[in-house]
Structures are given as C-alpha cells and as structure tokens.
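See structure below.
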Amino acid sequence: MLLRYYTNEKGERVYTLKQTVVINGEEVPTISAHPARFTPEDKFSEQRLLIKKQGKTYYFETEIQRMMYACGDSRCPLVETAHLMEEVVHRQMVLLLLKAQDVAELREAKYIRPEDMLFLMRKDKYKLRRAVKFLCFSDTKCNIYTDLVGNIEKKVASSGKRRQLCKDLLLSMDFTGQLMSWVDSDLVVDHAKEERMRRADEMTCTMSTEDYINYSQARSVTFTQSNNNNTLKLREWIFKDGNFLGDQSQPQLPLGHGVHMELLGYLAHETLCQLVDFALHIRRDSTASITNPMNRLLPPSLYTPMTIFKPHDPRYDAPSSSKVEFVQPLTPHDIREAIRRFSNPITPFNKFTRGCKVSSDQILFCC
86 MLLRYYTNEK
96 GERVYTLKQT
106 VVINGEEVPT
116 ISAHPARFTP
126 EDKFSEQRLL
136 IKKQGKTYYF
146 ETEIQRMMYA
156 CGDSRCPLVE
166 TAHLMEEVVH
176 RQMVLLLLKA
186 QDVAELREAK
196 YIRPEDMLFL
206 MRKDKYKLRR
216 AVKFLCFSDT
226 KCNIYTDLVG
236 NIEKKVASSG
246 KRRQLCKDLL
256 LSMDFTGQLM
266 SWVDSDLVVD
276 HAKEERMRRA
286 DEMTCTMSTE
296 DYINYSQARS
306 VTFTQSNNNN
316 TLKLREWIFK
326 DGNFLGDQSQ
336 PQLPLGHGVH
346 MELLGYLAHE
356 TLCQLVDFAL
366 HIRRDSTASI
376 TNPMNRLLPP
386 SLYTPMTIFK
396 PHDPRYDAPS
406 SSKVEFVQPL
416 TPHDIREAIR
426 RFSNPITPFN
436 KFTRGCKVSS
446 DQILFCC
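Numbering (the working numbering), first residue to last: 86 to 452.
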C-alpha cells in the first residue's frame with residue numbers, strides 16, 4: 086500500500102492511496118483511492134492529520150519528519166522512517182509511564198508527578214541536566230509576556246514552580262548538594278549537545294534565507310506546545326491501542342496541560358533526537374572508506390548525511406544550494422540498526438552475559 090501526496094496550485098495537499106500486489110516479482114496496482122484534500126483553512130489540518138496505513142493510525146507524521154530534519158536528517162525524510170520512528174517513540178513513552186507508575190506507587194501517590202519521571206533519569210547525569218535545564222527555561226518563558234518591560238523582572242522573580250521542583254528532587258537524591266551545583270554549573274561540557282549544535286551549524290552554513298527560516302521553524306516543532314489541543318493529542322496518542330496505562334488500580338497521569346505533559350513531550354523529543362544521532366553515526370560508519378583502517382578512528386569531517394560540500398569557485402556567485410549535494414535520507418534499516426546497537430552495548434563482560442540480554446522494549450533511551 087503506497088501513500089503519496091503533492092501540493093497543487095491552491096496550496097492544498099492532495100493524498101493518493103494505491104494498493105499493489107506482487108505478480109511474478111512485479112508490483113501491479115489494483116486499487117486507486119480517491120485523493121483526500123486538507124486545506125489550510127481547516128484548523129485541524131495540521132494537528133488532526135491521521136494517516137492510516139495497513140490498519141495503523143499515525144498522529145505525528147508531519148511533526149516527526151520536521152523534527153528529524155531539525156536533528157540532522159535530510160530535508161524530506163522518508164514517510165516509512167517517520168512511521169517507524171513514531172512507533173518506537175510511542176513504545177518508549179508507554180514504557181516510561183509504566184516505570185513512573187512503579188515509582189509513584191512506592192510513594193503511595195495517586196497520580197504520576199514529574200519527579201517520578203526525573204527520578205528514572207538519575208543514572209545519567211547529563212540527560213538529567215538537560216531535562217532540568219529545559220524545565221527551568223520553561224519556567225522563565227511562561228512568565229515573560231509582550232506587555233510592559235518593567236513587569237518582566239517582577240513576573241520572573243515571582244515564579245519558580247518548575248525550578249523549585251527540580252531543586253527539591255536533586256536535594257532528595259543527593260543531600261550534599263553536589264549534584265545540584267553540578268547541574269547549575271556552566272562549566273559542564275555536554276558532548277552530545279555540542280555535537281548536535283555543531284551539526285546544526287554545518288547544515289545552516291550554506292543555507293539561503295528561505296531555507297534557514299524553514300529550518301528554524303522545524304527546530305521549534307515538538308510533540309506538545311503550550312495549549313490544550315496538543316496536550317489532548319499527545320494524551321490520545323499515548324493511550325491508544327488499549328495499553329496497561331488505563332489500569333485504575335495504578336497511579337494515573339493527571340489530566341490537563343501541566344509540567345508532567347511538558348516533560349513528557351520533551352522526553353519524547355529527546356528520544357527521537359537520540360535515535361537520529363545513533364542513525365547518523367551508523368550512516369557515517371557505512372560510508373567510511375574500507376581501504377583506510379584508521380578512518381573510523383578519525384573525527385568526522387561532516388556531521389550530517391544531508392550535505393556533501395563541493396569545491397566552489399568564488400568567482401561565480403552561485404546560490405548556496407548549488408554548493409551542496411543531496412544524498413539519501415535515513416532509512417528504517419538505519420533506525421533498526423541504531424536500536425540494536427543501543428540495546429547491545431560493547432562492554433568487557435559481553436561474553437559472560439550473552440544469555441542475560443535485555444530486550445530493546447525494556448530499555449529506555451531517554452534515561
């Protein structure tokens with residue numbers, strides 16, 4: 086079953102669905118469905134775009150494609166890769182909430198709180214630091230309005246709910262205060278974040294103004310925004326397929342848009358970014374020269390598979406798009422290989438733990 090779309094002169098997306106059968110090794114189209122039109126005037130055209138393929142419903146196809154582009158994939162990611170990415174991120178979020186339910190049950194709480202999700206990240210200080218920085222930045226952003234400049238400092242100073250939440254959690258995990266001082270320190274070097282920033286710089290250095298605007302808009306796309314519609318969409322996506330999260334005997338996720346939904350959307354975005362990072366490393370390894378045995382030990386000269394810089398004569402004022410060569414986007418095979426490598430890390434005790442391997446469905450990428 087093939088799903089294709091194009092944009093007509095009125096700015097409408099026209100979707101066509103074709104079903105094919107294999108006869109003597111060749112695909113032959115059998116049914117051509119009528120195109121479905123989604124106009125920009127429809128307020129649910131972007132948020133409620135549900136694409137059904139082989140009995141599955143995908144909620145965030147367009148958003149995931151834009152987020153993958155912002156993380157380093159090609160400008161037009163594959164639809165199959167976006168579908169696989171959505172399924173993997175959905176399983177990760179369900180597993181995250183199931184483990185957060187266990188933590189909340191130990192506290193004898195009725196609802197899952199953001200502290201329960203942050204507690205699961207305690208083993209990786211860098212990921213915990215990124216999540217705390219996100220909540221602190223959200224705390225400041227929610228209190229800055231476009232009114233009088235004199236009221237900004239007063240509103241920011243009077244706020245601090247998310248910041249205080251993170252402070253109490255860090256002090257409860259480390260009463261000495263060293264963890265909190267390490268998180269607040271500006272001297273900490275986060276190599277994963279630096280590599281993402283370096284990759285973004287490599288991608289944007291040859292972009293035109295229009296391409297850079299599209300890229301900056303793609304970087305602002307997340308699974309949830311500061312409104313109730315996206316929160317309902319995220320909640321509906323997580324609780325689909327009748328998983329175990331609906332058990333009323335366990336702590337439940339609170340209703341409405343709150344810190345818990347902001348953190349859940351951030352962790353979903355962080356999971357997607359980590360999968361793209363692993364897939365880019367796999368793409369780099371696959372394109373390495375086999376004649377040079379030291380090639381894999383050298384630092385990469387290019388941090389994205391999207392662009393390959395060509396020699397350019399400065400005498401010609403050609404547009405920036407002519408200086409790059411577009412290559413193939415990430416494929417589902419790259420994502421599956423990234424999951425396999427993440428689930429089977431190379432350690433000195435691999436030979437002694439072959440029968441104790443943990444399934445990839447039981448490993449949290451964001452923790």
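Heads up, the beta-carbon is just placed ideally off N, CA and C, and yes, glycines get one too.
When rounded, the separation of the alpha-carbon atoms in F219 and T225 is 10 Å. In this chain, the alpha helix (DSSP H) harbouring K218 covers K210 to K226. Just measuring C-alpha positions, the residue of A423, T309 and S371 sitting nearest Y144 is T309. As the crow flies, the alpha-carbon of L250 is around 20 Å from that of I229. Sixteen is the threshold: when 16 or more other Cβ atoms of the shown chains lie within 10 Å of the Cβ of L255, as they do, the residue is buried. Three or more Cβ pairs closer than 8 Å define a contact, and the stretch 416 to 434 meets that threshold against the stretch 353 to 367. As DSSP reads the structure, Q337 sits in a beta bridge with Y196. Between the C-alpha atoms of G262 and R320 there is a straight-line separation of about 35 Å. Under the three-pair Cβ rule at 8 Å, the stretch 165 to 172 does not count as touching the stretch 289 to 300.
In this structure the stretch 142 to 159 does not lie against the stretch 179 to 194, because fewer than three pairs of beta carbons, one per stretch, are closer than 8 Å. K278 and L349 have their alpha carbons spaced roughly 19 Å apart.
Setting aside the 5 residues that flank it on each side, M265 is surrounded in the same chain by K252, L255, L256 and D259, each with a C-beta closer than 8 Å to its C-beta; the list follows chain order. The three-state reading of DSSP puts G350 in helix, counting H, G and I together.
The beta carbon of P433 sits closer than 7 Å to no other beta carbon from its chain once the five residues preceding and following it are set aside.
Taking G157 as reference, the option from T307, M202 and R281 with the minimal CA-CA separation is R281. Put simply, of I323, R214 and F222 the residue whose alpha carbon is nearest the alpha carbon of L272 is R214. Taking a 10 Å sphere around the C-beta of F450, we find 16 or more other C-beta atoms and assign the residue as buried.
The beta-carbon separation of P430 and E190, rounded to 30 Å, does not stay under the 8 Å limit for a contact. Cβ atoms of L205 and K184 come within 8 Å of each other, at about 6 Å. According to the DSSP assignment, L272 belongs to no alpha helix (DSSP H), since it is labelled neither H nor E. The beta carbon of V164 is closer than 6 Å to none in its chain, skipping five residues each way along the sequence. With 16 or more neighbouring CB atoms inside 10 Å of its own CB, T356 falls in the buried class. Taking the CA atoms as reference points, S223 sits about 8 Å from R247. In this structure, the alpha-carbon of V217 lies about 11 Å from that of R207. For F437, same chain residues with a beta-carbon under 7 Å away, outside a window of 5 residues either side, do not exist.
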